[in-house]
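Accompanying notes for the structure given below.
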Amino acid sequence: VLLGFVVGSSRLAYAAMYPLMTAFNALPKAAFVPILVVWFGIGAGPAILTAFLISFFPIMVNIATGLATLEPELEDVLRVLGAKRWDVLVKIGLPRSMPYFFGSLKVAITLAFVGTTVSEMTAANEGIGYLLISAGSAMQMGLAFAGLMVVGAMAMGMYELFSAIEKHTTAWAHRGSQNE
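In our numbering, the protein residues as written are 50 to 229.
Encoded structure:
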């Protein structure tokens with residue numbers, strides 16, 4: 050969130066950081082798992098960090114986009130009225146970027162489940178990813194599918210939770226059926 054704020058609030062930071070972040074996003078996050086295991090050992094650490102790495106880009110990009118797309122006319126009017134750049138960013142930019150933030154959060158939470166599961170499948174001795182590998186190795190396809198359904202249900206639940214929070218906090222930004 051903080052990096053997205055920095056990138057979105059400065060043209061120079063946007064020009065410098067956005068290409069680097071795009072390159073980072075192109076890297077397969079599953080390839081980081083063995084490195085994270087060497088650094089942090091087998092267990093929850095690599096799973097949490099993989100979830101973070103896979104979720105980072107959508108949030109950063111959407112916050113930066115929300116701030117970078119602030120209407121110049123609105124900023125000009127506020128500056129004429131005496132607002133400093135910081136005031137414009139905090140009082141107008143941040144609230145205006147909240148729909149972008151929640152949109153990215155809903156995408157990122159589902160990606161976090163993918164990252165965690167992949168990490169647990171690669172290097173863990175517990176968790177649903179480990180269960181999937183164990184069940185697959187033992188040819189227990191029912192258990193493997195049950196594990197997949199649990200991951201899907203948890204992701205769907207978190208998505209709906211963030212949707213409800215979004216609807217409550219940014220109702221002003223939505224038209225039509227979301228306001229009903």
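Even glycine gets a Cβ: it sits at the ideal position worked out from N, Cα and C.
{"Asked": "Other residues of its chain near Tyr179: CB distance less than 8 Å, five sequence neighbours each side excluded", "Found": "Glu169, Met170, Ala173"}
{"Asked": "Per-residue burial, Pro121 [other beta carbons within 10 Å of its own, 16 or more giving buried]", "Found": "exposed"}
{"Asked": "Distance between beta carbons of Ala100 and Thr159, contact taken as under 8 Å", "Found": "Not confirmed; about 11 Å, so no contact."}
{"Asked": "7 Å CB neighbourhood of Met207 in its chain, flanking five on each side removed", "Found": "Ile158"}
{"Asked": "Thr13, enclosing alpha helix (DSSP H) - first and last residue", "Found": "This structure cannot speak to residue 13, because the chain is shown only from 50 to 229."}
{"Asked": "Buried versus exposed call for Gly57 [16 or more other C-beta atoms within 10 Å across all chains shown]", "Found": "buried"}
{"Asked": "Environment of Glu215 [buried if 16+ CB atoms lie within 10 Å]", "Found": "buried"}
{"Asked": "Pairwise C-alpha distance: Leu197 and Val55", "Found": "37 Å"}
{"Asked": "DSSP state of His217 mapped onto helix, strand, coil", "Found": "helix"}
{"Asked": "Best match in Gly115, Met66, Leu98 for proximity to Phe162 [C-alpha to C-alpha]", "Found": "Leu98"}
{"Asked": "Where Asn174 falls: helix, strand or coil (DSSP)", "Found": "coil"}
{"Asked": "Three-state class that DSSP yields for Val50 in the structure shown", "Found": "coil"}
{"Asked": "Contact belief for Pro148 with Ala202 at Cβ below 8 Å, rounded distance in angstroms", "Found": "The pair is not a contact, with the Cβ atoms about 26 Å apart (cut-off 8 Å)."}
{"Asked": "Which of helix, strand or coil DSSP assigns to Lys133", "Found": "coil"}
{"Asked": "Beta-carbon contacts of Ala65 that lie in its chain and below 6 Å, excluding the five residues immediately before and after", "Found": "none"}
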